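Report on the structure given below.
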Amino acid sequence: MVVDDHPLLREGIAAVLSIGGSFELVAEAGDGREALAQYVRHQPDVVLMDLQMPVMSGLEAIVAIREIAPRARIIVLTTYKGDVQVLRALKSGAMGYLLKSMLRTELADAITRVHAGQRHIPPEIAIELAAHIDADALSARETEVLGLVADGNSNKRVAQALGIAEETVKAHMSTVLGKLGARDRTHAVTIAIRRGILEP
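So for the sequence shown, full-length UniProt numbering puts the first residue at 1; every next one is plus one.
Here you go:
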């Protein structure tokens with residue numbers, strides 16, 4: 001089953017899968033909620049799941065599918081290679097992670113490996129994961145503060161939005177800069193987007 005909110009991408013994947021005749025596309029879905037319904041209806045051997053979708057995100061759909069089918073085999077398809085997105089997907093139950101730019105060259109191998117019960121994480125994704133494996137994760141509050149900063153808010157506005165003191169916002173930002181190894185607020189936002197902590 002292919003789950004993506006872009007019909008053209010679903011058509012492209014169907015075309016790639018039809019080459020060689022090893023795979024059969026049994027269902028498609030355009031959002032996470034539809035994916036859950038289609039999974040229940042068709043029980044596919046492998047699910048290719050986009051992360052960024054309307055109605056219900058890919059991560060939410062992975063969790064929902066795994067609740068009803070703990071052995072479901074799911075491969076995330078995404079344009080994001082940030083380590084935080086990868087970890088979230090794997091912790092949610094995905095067994096594979098594939099960048100959309102790799103579909104033509106790695107899709108068949110990824111499906112075959114995941115169907116056999118193995119994980120599939122391309123080397124460049126694994127390198128990104130390894131580079132940050134010992135990095136301190138941002139807390140929920142630090143991520144919230146950084147998100148508001150990314151929206152162009154001053155410390156004062158962030159403090160007002162969260163109902164905390166401006167000094168507390170400064171302390172959070174200082175911690176964020178340290179954890180991310182960032183020079184300043186803009187650099188912190190850039191790093192957070194690249195790593196998948198914040199969505200672009």
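The beta carbon of each residue, even a glycine, is placed where N, CA and C say it ideally should be.
Since the structure is predicted, the reported quantities are computational estimates derived from the model, not experimental observations.
Considering only C-alpha positions, which residue in the set the options is nearest to residue i?
i, options, result
"T168", "E144, A35, R194, P123", "E144"
"V16", "G147, T105, L90", "T105"
Which residue comes first and which comes last in the beta strand (DSSP E) that contains residue i?
i, result
"L48", "47-50"
"G96", "96-99"
"V76", "74-78"
Starting from residue i, trace the alpha helix (DSSP H) in both directions and tell me its first and last residue.
i, result
"T186", "185-195"
"H172", "166-180"
"V145", "140-150"
Straight-line CA distance for residue i to residue j?
i, j, result
"E67", "I164", "37 angstroms"
"D4", "A182", "34 angstroms"
"R119", "D45", "15 angstroms"
"L177", "R185", "7 angstroms"
"L162", "V47", "39 angstroms"
"I193", "E199", "6 angstroms"
"G117", "Y97", "14 angstroms"
"A61", "E34", "9 angstroms"
"I191", "A171", "19 angstroms"
Check residue i in the structure and name its three-state DSSP category.
i, result
"Q6", "According to the sequence as given, residue 6 is His; it is not Gln. H6 falls in the coil class under three-state DSSP."
"A15", "helix"
Since residue i contacts residue j with CB under 8 angstroms, what's their CB separation in whole angstroms?
i, j, result
"V2", "L36", "About 14 angstroms separates the two Cβ atoms, so there is no contact after all."
Report yes or no: is there a C-beta of chain D within less than 8 angstroms of the C-beta of residue i?
i, result
"L99", "Chain labels in this structure do not include chain D; a single protein chain is all it has."
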